[in-house]
Amino acid sequence: MTHRAPRDFPAEVVENLRLDGKTTALVLRCPGVASTAEPGQFVMLRAGTGNDPFLGRPLAVADLSGDRFTVLCRTVGRGTELLSSTPAGAELTVRGPVGTGFWSARRGVPLPKTVHLVGGGVGMAPLLFALRRLDGTAVGRVILGVAGQGWEGLTRWAGERIPSLDLYSQDGTLGRRGLALDGLPEGLPDEEEIWACGPEGMLRALTKRYPGDLGRIRVALESRMACGMGGCLGCVLPTTSGNRRVCSDGPVFTAEEVLWDDRSA
Amino acid sequence: MTHRAPRDFPAEVVENLRLDGKTTALVLRCPGVASTAEPGQFVMLRAGTGNDPFLGRPLAVADLSGDRFTVLCRTVGRGTELLSSTPAGAELTVRGPVGTGFWSARRGVPLPKTVHLVGGGVGMAPLLFALRRLDGTAVGRVILGVAGQGWEGLTRWAGERIPSLDLYSQDGTLGRRGLALDGLPEGLPDEEEIWACGPEGMLRALTKRYPGDLGRIRVALESRMACGMGGCLGCVLPTTSGNRRVCSDGPVFTAEEVLWDDRSA
Amino acid sequence: MTGRPDLMASTVGGLPLSSPVVIASGVWPYDPALWTADRLEGVGALSTKAVSLAPRAGNLGTRVWETPCGMLNSIGLQNGGVRDFMERGLPVAESAGRPFLVNVVMESEGEVSECLAILGGQRERIPAVELNVSCPNVDGDGMAWGMTARSTAKAVAVARRSWDGPLWVKLTPQAPDLAGAARAAEAEGADAVVCGNTWLAMAMDLQKRRPAFQRVVAGLSGPAVFPLALRTVWEVCGAVSIPVIGCGGVASWEDAAAMLLAGASAVEVGSALFTDFDLPRKIADGLMKYTAAAGIESLSGLVGLGRKNHEGGERR
Amino acid sequence: MTGRPDLMASTVGGLPLSSPVVIASGVWPYDPALWTADRLEGVGALSTKAVSLAPRAGNLGTRVWETPCGMLNSIGLQNGGVRDFMERGLPVAESAGRPFLVNVVMESEGEVSECLAILGGQRERIPAVELNVSCPNVDGDGMAWGMTARSTAKAVAVARRSWDGPLWVKLTPQAPDLAGAARAAEAEGADAVVCGNTWLAMAMDLQKRRPAFQRVVAGLSGPAVFPLALRTVWEVCGAVSIPVIGCGGVASWEDAAAMLLAGASAVEVGSALFTDFDLPRKIADGLMKYTAAAGIESLSGLVGLGRKNHEGGERR
Ligand SMILES: Cc1cc2nc3c(=O)[nH]c(=O)nc-3n(C[C@H](O)[C@H](O)[C@H](O)COP(=O)(O)OP(=O)(O)OC[C@H]3O[C@@H](n4cnc5c(N)ncnc54)[C@H](O)[C@@H]3O)c2cc1C
Ligand SMILES: Cc1cc2nc3c(=O)[nH]c(=O)nc-3n(C[C@H](O)[C@H](O)[C@H](O)COP(=O)(O)OP(=O)(O)OC[C@H]3O[C@@H](n4cnc5c(N)ncnc54)[C@H](O)[C@@H]3O)c2cc1C
Ligand SMILES: Cc1cc2nc3c(=O)[nH]c(=O)nc-3n(C[C@H](O)[C@H](O)[C@H](O)COP(=O)(O)O)c2cc1C
Ligand SMILES: Cc1cc2nc3c(=O)[nH]c(=O)nc-3n(C[C@H](O)[C@H](O)[C@H](O)COP(=O)(O)O)c2cc1C
Ligand code: FES
Ligand code: FES
């Protein structure tokens, strides 16, 4: 894949689906992103024309179809609140597609025979997209872990799309009681990989669980971002090859290259 | 009328009527304003939840009915653009009612026998409201002056409400060619008043036209405002009794008390 | 208010506050309808518009201008003078049933002494004075007093001699050595410092192709300046032991909480009241929930906690 | 662009600019895909990320934080060092086909001389240097150099000796005597001053109840600071005869026009590019229309017009 720098596009909200009290699926018409995005890439989304909020909000591409793409937005603060309350018909500004996705994150290394996908909460978004693009690679476990109450919408949404979804919740109200990692196999054979996205704690637990297999774990990370184009160096992550930008060198890294202990919690 | 300080209210946009490319009538559901506003009073309107734009935008109350009031909003910059593109169903924030209206502007002085109303452009708004409340006072001329092209919507709107409206436009495309003041009588008999609202130039011309009758000309003025509650002293106007606040001592003053030459253009 | 309002109470710089939210000077009119309990929910105290010895007409021309997330003002201390205040402002201020501060402009030493003597003549009616050494919108006096530690010391010394009640000193963020100015105020007997006033800025009128304000410069306030003001509060809290009141851009309970974590004992709220009358109540409520959620006993537990945690220095 | 682009051209501080819009340092990556004509419409020149003699890892922990109409950054000059720049950054910068400035950190006198000597070794490839005496996000050097007229003079003198091409000096708004610092830069041979860099501020992390940044303070940029930056530009333009480049919060053609009216010859645009790639073109277009509508012949007619009109002093 040749590198393309992200661009800014207007994007019409085609559908605004409130999945549950805090989770919204936004379907956006935006050929510029829809034509090129790959799983693991994300967009920087802005609502309105003012400068407050100032910065775009990074959200993973969760699906593509024709000239549209979908994001799953979990409301945590003012930016996500604004985005998820943008009605159909209104316009957002999109910078994208941003970043290096699951495929490109290990350039040259062929895809493994089997991939297990593990999402924590709305971190499931890029994995949903990845799942649709896996081709010639077997899908192992597909696991979604959530806190429980308040996550009905997302789990339903994911369940409708993935019949084989293993669902875990901490409070036991959705799927099995437990953590996402409970659904993973004991060991990770050489020809298998795990792709994961979710809360930092989950990813760290993953690295503890498979200490010898970090090179076969691909993680999609988060970081505070300003530019979404590799310019500000605001999103950097300490790695074995120095500081790397989550927005453009990532967000997908192998668990092996991340210096977990130097990363701020 | 006992003085009430303005309050902040949420107000639902019940109707958004685009009258022409630049003029919009917004009907807002807001009992707190609708129950008490008098002609000449205004509101400070804000769209959205962000701090940019920061300040409310002053707009005159143009009509009342039940729990609703109407404003006519002419798009001149970002604030009025935002307000006039707020769709029905959405919420705005209103501070109001603000100011001392036409009636209160000459406390104690009985209303005249006859009132002529002269509006320049969207300055017609408070006069439309005044017209509906005149009771026991004869209405003399009711004049609307506009530039011409681009003012179709406002003139139609006003015409529908005032059968006797005298319409003037500078380019001659709407009503008679000329200025609003062309429609006024030669002299101003003692028992008559003129109430006017519009561009500074029009109001100054008015004072030139009736130099001896300034006490019987009531003008609704504009000024940059921050607080809309009499606190910031940002909107002051030099008058014969010192600096007075356009927002709370006005916006209606008699042309006599305004020190026109000290007022910044 | 929800929760236990008594947890919000404290005494700051000699003034008992039922809530750490103080209305900043120059934003609240002497409109009796606005000095009532139901219009002042969550307000711990109010500062009056600046009072000078003689009346001042203020500045001509444009006085306010909107900016991104903020505004500029060049009011220029318009007020009726201290005698007018005593006659017409004071009764209104007294009607609120909560403490207030008379914001006194630092003019010449003679003027400020006389002004304070007049206020002192009714000492029992006036809970506190806020000495304003920081107005950027006048020539000659105003902000000039607050620009150095030395002139601040002089101003505070004069005021302290003429006024024996609680004395807050309102500093200017334009002071190159703000910590020094704060220390000087403390040394000369200030009971608290307010940190700070507006930030020197300007606007251009593109239609007229000239500066928007006749004095060119004006004072920036509102959310835009919050990160700047917070930094000055952090600095000043590290420099003095008297209470610090954070002022500049506070527009949410989160802002107030940040100020307190940085070491402020209370906050002043100005421009944000132009967009929300109800903000003081929202701040008081938000602070109460935040302290409760954090398992902190009362407001005072929050004051300076951010500094303690920083100095504790755990790795992040 | 609509209109006559040649009216936008000028030479500023030794650099021929096809448009008065310069991309500020530290915001544009060395991504070849972004240094192409179609990604740089309306851009007159670009300043690179800061370059130091040795590589710098930059700061740990949180590096960016959103604020009302702005943002804080504490990047801390992360860069690969001047040798890495020569090898990997320079070819990218050259590919853009328009002038660029190498933003050089003022470190010790020895370091900056060595760094400039390395750049000077390829003098013909490097259109200009922007000496950064204003970074607030590092200890020891950085902004400290720009804080006084004296240290600014020293820094510029060293740089001037080591670099004979166009030299812009990027001042810090934290300098108590900014006009003095600008005059010092002029006296020591700077070809232009950039006014200025970010504003010292901070943020509190309410979840962690401690400062958001490890160094506590960080630099504020974006629309929030525009009125502050404009005021400094006005001040500095009144103090020096070399060109002044306005920088801080420019986010629209109106902002750029205001800077020019205040006396700036060009503007630098930083954070606003984080929200709009197309801003430079919009600014150039807007300026062109504005000058045309005002009946002004070319861009230079705008420069300082606000001051002339103000000094003309008609009554408003
Ligand atoms: C590469 C990437 C992909 C993401 N994908 C998704 C997704 O598909 N769905 C989803 O719901 N969320 C996703 N997030 C998280 C999402 O970006 C944040 O929840 C959002 O930015 C919060 O904004 P706010 O204004 O609501 O919250 P606030 O806390 O008010 O935001 C304040 C500032 O902090 C930043 N910030 C806050 N939380 C985060 C975070 N977790 N990561 C990065 N910046 C943060 C904001 O962008 C903003 O600049 C992703 C984050 C990254 C970095
Ligand atoms: C008492 C009063 C009543 C008004 N009634 C109406 C009305 O009924 N209908 C209507 O269309 N307009 C009315 N106006 C004018 C209206 O307030 C302005 O057009 C509007 O504030 C412009 O905002 P903006 O963001 O679109 O423009 P911008 O120029 O971007 O605004 C920038 C700043 O300048 C202020 N400003 C700009 N123009 C004016 C102005 N003419 N008067 C006061 N402040 C201004 C804005 O409020 C804002 O703070 C009234 C003004 C006043 C003072
Ligand atoms: C319109 C206006 C008038 C002001 N008048 C005064 C004043 O008279 N005395 C004073 O000490 N501060 C005055 N200030 C400054 C405020 O009290 C406050 O310190 C400043 O605005 C910063 O706080 P804010 O961002 O919350 O508004 C004024 C501010 C504004 C906006
Ligand atoms: C993320 C970021 C990184 C920056 N890095 C540098 C730098 O390396 N050198 C420098 O001189 N200025 C740097 N700056 C300052 C900008 O060049 C600019 O002076 C400042 O941000 C104000 O302009 P703005 O408001 O348009 O962003 C940086 C700014 C930001 C936001
Ligand atoms: S967000 Fe700017 S470099 Fe990644
Ligand atoms: S707008 Fe504040 S006093 Fe009138």
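Chains as they are written, first to last, in numbering that gives the first Met the number 0: chain D, 0 to 264; chain P, 0 to 264; chain U, 0 to 315; chain V, 0 to 315.
Using N, Cα and C, we set each Cβ at its ideal position, and we do this for glycine too.
Because the structure is a prediction, the values reported are computed rather than measured.
Original post:
Is any heavy atom of ligand 4 found at a distance shorter than 7 Å from the C-beta of S270 of chain V?
Top reply: The residue labelled residue 270 of chain V in the question sits at position 271 within the fourth sequence. At least one heavy atom of ligand 4 is nearer than 7 Å to the Cβ of S270 of chain V, so yes.
Subject >> Chain-ordered chain A contacts of G49 of chain D [CB-CB under 9 Å] >> reply: Here the protein chains are D, P, U and V, and chain A is not one of them.
Original post:
Who are the near neighbours of R314 of chain U in its chain, counting only those whose CB is closer than 8 Å to its CB and skipping five residues on each side?
Top reply: Stepping through the third sequence from its first residue, residue 314 of chain U is reached at position 315. Because the pLDDT at R314 of chain U is just 44, under 50, the model does not fix this residue reliably, and the value given afterwards should be weighed accordingly. Once the five neighbours on either side are set aside, R314 of chain U has no close Cβ partner at all.
Original post:
Relative to ligand 4, is the shortest distance from any of its heavy atoms to the C-beta of T151 of chain V smaller than 7 Å?
Top reply: In the fourth sequence, residue 151 of chain V corresponds to position 152, counting from 1. Checking the Cβ of T151 of chain V against ligand 4 gives no.
Original post:
In terms of alpha-carbon separation, which member of D:G88, D:K112, D:E221 lies closest to P9 of chain D?
Top reply: Taking the first sequence and counting its residues from 1, one reaches residue 9 of chain D at position 10. The candidate whose alpha carbon is nearest that of P9 of chain D is D:G88.
**OP:** Please indicate yes or no: does the CB of P250 of chain P lie closer than 7 Å to some heavy atom of ligand 2?
**Re:** Your numbering for residue 250 of chain P matches position 251 in the second sequence. Answer for P250 of chain P: yes, Cβ within range of ligand 2.
**OP:** Using 7 Å as the cut-off, classify the Cβ of K281 of chain U as near or not near the heavy atoms of ligand 3, replying yes or no.
**Re:** Residue mapping note: residue 281 of chain U aligns to position 282 of the third sequence, counting from 1. Incorrect: K281 of chain U has no Cβ contact closer than 7 Å to ligand 3.
**OP:** Check the Cβ of G119 of chain P against every Cβ in chain U and list those closer than 9 Å, keeping chain order.
**Re:** Position 120 of the second sequence holds residue 119 of chain P. Neighbours of G119 of chain P on chain U: none; closest Cβ ~18 Å, over 9 Å.
Subject >> One or two residues paired with V268 of chain U in a DSSP bridge >> reply: By 1-based counting over the third sequence, the position of residue 268 of chain U is 269. V268 of chain U is bridged by DSSP to U:I22.
**OP:** Measure from the C-beta of L33 of chain V to each C-beta in chain D and report whether the shortest distance is under 8 Å.
**Re:** Counting from 1 along the fourth sequence, the entry for residue 33 of chain V is found at position 34. Yes, because at least one Cβ of chain D sits closer than 8 Å to the Cβ of L33 of chain V.
Original post:
M7 of chain U CB to nearest chain V CB: under 8 Å?
Top reply: As a position in the third sequence, residue 7 of chain U is number 8, starting the count at 1. Taking 8 Å as the CB threshold, M7 of chain U stays off the interface with chain V.
**OP:** Mind checking the region 225 to 236 of chain D against chain V and listing, in chain order, the residues whose C-beta falls within less than 9 Å of any C-beta there?
**Re:** Of all residues in the region 225 to 236 of chain D, only A225, C226, G227, M228, G229, G230, C231, L232, G233, C234, V235 place a beta-carbon less than 9 Å from a beta-carbon of chain V.
Subject >> Y289 of chain V: first and last residue of the uninterrupted alpha helix (DSSP H) it sits in >> reply: By 1-based counting over the fourth sequence, the position of residue 289 of chain V is 290. 278 to 292 is the extent of the alpha helix (DSSP H) around Y289 of chain V.
Original post:
Shortest alpha-carbon distance to M85 of chain V belongs to which of V:P175, V:G75, V:A180, V:N102?
Top reply: Position 86 of the fourth sequence holds residue 85 of chain V. With distances taken between Cα atoms, M85 of chain V lies closest to V:N102.
Subject >> Around ligand 2, Cβ to any heavy atom closer than 5 Å, ordered along the chain >> reply: P:F41, P:L54, P:R56, P:P57, P:L58, P:A59, P:C72, P:R73, P:V75, P:G76, P:R77, P:G78, P:T79, P:V121, P:A124, P:E221, P:R223, P:P250, U:E65
Subject >> Within chain D, the residues that C68 of chain U reaches when beta carbons sit closer than 8 Å >> reply: Position 69 of the third sequence, counted from the first residue, corresponds to residue 68 of chain U. Here the neighbours are N50, D51.
Original post:
For ligand 1, is there a heavy atom less than 7 Å away from the beta-carbon of V61 of chain D?
Top reply: By 1-based counting over the first sequence, the position of residue 61 of chain D is 62. In the sequence under discussion, the amino acid at residue 61 of chain D is Ala, which differs from the Val named in the question. The answer is yes for A61 of chain D.
Original post:
Quick one: is the Cβ of R94 of chain D within less than 7 Å of any heavy atom of ligand 5?
Top reply: Here residue 94 of chain D refers to the residue found at position 95 of the first sequence. False, no ligand heavy atom lies under 7 Å from that Cβ.
Subject >> Among D:F128, D:V42, D:V114, D:A124, nearest to L183 of chain D - alpha-carbon criterion >> reply: Along the first sequence, read from residue 1 onward, the residue named residue 183 of chain D stands at position 184. Among D:F128, D:V42, D:V114, D:A124, the Cα nearest to that of L183 of chain D belongs to D:V114.
Original post:
So, A154 of chain V versus W144 of chain V, is the Cβ gap smaller than 8 Å?
Top reply: To locate residue 154 of chain V, count along the fourth sequence from 1; it is residue 155. To locate residue 144 of chain V, count along the fourth sequence from 1; it is residue 145. For A154 of chain V and W144 of chain V, yes; Cβs fall inside 8 Å.
Subject >> With 16 other Cβ atoms within 10 Å as the buried cut-off, status of S94 of chain U >> reply: Translated into the one-based positions of the third sequence, residue 94 of chain U becomes position 95. By the neighbour-count rule (16 or more Cβ atoms within 10 Å), S94 of chain U is not buried but exposed.
**OP:** Starting from R6 of chain D, trace the beta strand (DSSP E) both ways and give me its first and last residue.
**Re:** Working through the first sequence from its first residue, we reach residue 6 of chain D at position 7. 6 to 19 is the extent of the beta strand (DSSP E) around R6 of chain D.
Subject >> Residue range of the unbroken alpha helix (DSSP H) whose run includes V157 of chain V >> reply: Within the fourth sequence, the letter at position 158 stands for residue 157 of chain V. Element bounds for V157 of chain V: 148 to 161.
Subject >> Three-way DSSP call (helix, strand, coil) for I125 of chain V in this model >> reply: Counted from its first residue, the fourth sequence places residue 125 of chain V at position 126. In this structure, I125 of chain V counts as coil in the three-state DSSP scheme.
Original post:
Does DSSP put I241 of chain U in a helix, a strand or coil?
Top reply: Stepping through the third sequence from its first residue, residue 241 of chain U is reached at position 242. Note: I241 of chain U maps to coil in three-state DSSP.
Original post:
Under 8 Å, do V97 of chain P and F53 of chain P count as touching if we go by C-beta distance?
Top reply: For this step, residue 97 of chain P is matched to residue 98 along the second sequence. For this step, residue 53 of chain P is matched to residue 54 along the second sequence. It is not a contact, given that the beta carbons lie outside the stated cut-off.
**OP:** Report yes or no: do three or more beta-carbon pairs, one from the region 240 to 247 of chain U and one from the region 202 to 218 of chain V, lie closer than 8 Å?
**Re:** no
Original post:
Using DSSP with H/G/I as helix, E/B as strand and the rest coil, what is P90 of chain V?
Top reply: Within the fourth sequence, residue 90 of chain V is the residue found at index 91, counting from 1. The answer is helix: DSSP assigns P90 of chain V an H, G or I state.
**OP:** Since I believe G144 of chain D is in contact with L187 of chain D (beta carbons under 8 Å), could you give me their beta-carbon distance rounded to a whole number of angstroms?
**Re:** Locating residue 187 of chain D in the first sequence gives position 188, where the first residue counts as 1. Locating residue 144 of chain D in the first sequence gives position 145, where the first residue counts as 1. Contact doesn't hold; Cβ gap of about 18 Å is too wide.
Original post:
At a Cβ threshold of 8 Å, is L71 of chain V touching chain U?
Top reply: If you number the fourth sequence from 1, residue 71 of chain V lands on position 72. Closer than 8 Å: yes.
Subject >> Interface partners of Q77 of chain U on chain P, CB under 9 Å >> reply: Position 78 of the third sequence holds residue 77 of chain U. Result: L232, V235, N242.
Original post:
With distances taken from CA atoms, which of D:C72, D:A36, D:D66, D:S34 is nearest L44 of chain D?
Top reply: Sequence index remark: in the first sequence, residue 44 of chain D carries index 45 (1-based). Here the closest residue by C-alpha is D:C72.
Subject >> Start and end residues, alpha helix (DSSP H) containing R208 of chain P >> reply: As a position in the second sequence, residue 208 of chain P is number 209, starting the count at 1. Residues 199 to 208.
Subject >> Nearest to G139 of chain P (by Cα), restricted to the options P:G122, P:L164, P:P125, P:S64 >> reply: Along the second sequence, one-based indexing puts residue 139 of chain P at 140. The residue with the shortest Cα to Cα distance from G139 of chain P is P:L164.
**OP:** Tell whether a beta-carbon distance below 8 Å holds between F128 of chain D and A61 of chain D.
**Re:** In the first sequence, residue 128 of chain D corresponds to position 129, counting from 1. In the first sequence, residue 61 of chain D corresponds to position 62, counting from 1. Yes. Within cutoff.
Original post:
Looking at C114 of chain U and ligand 4, is the gap between the Cβ and the nearest heavy atom below 7 Å?
Top reply: In the third sequence, the residue the question calls residue 114 of chain U occupies position 115. C114 of chain U Cβ: outside cutoff for every heavy atom of ligand 4.
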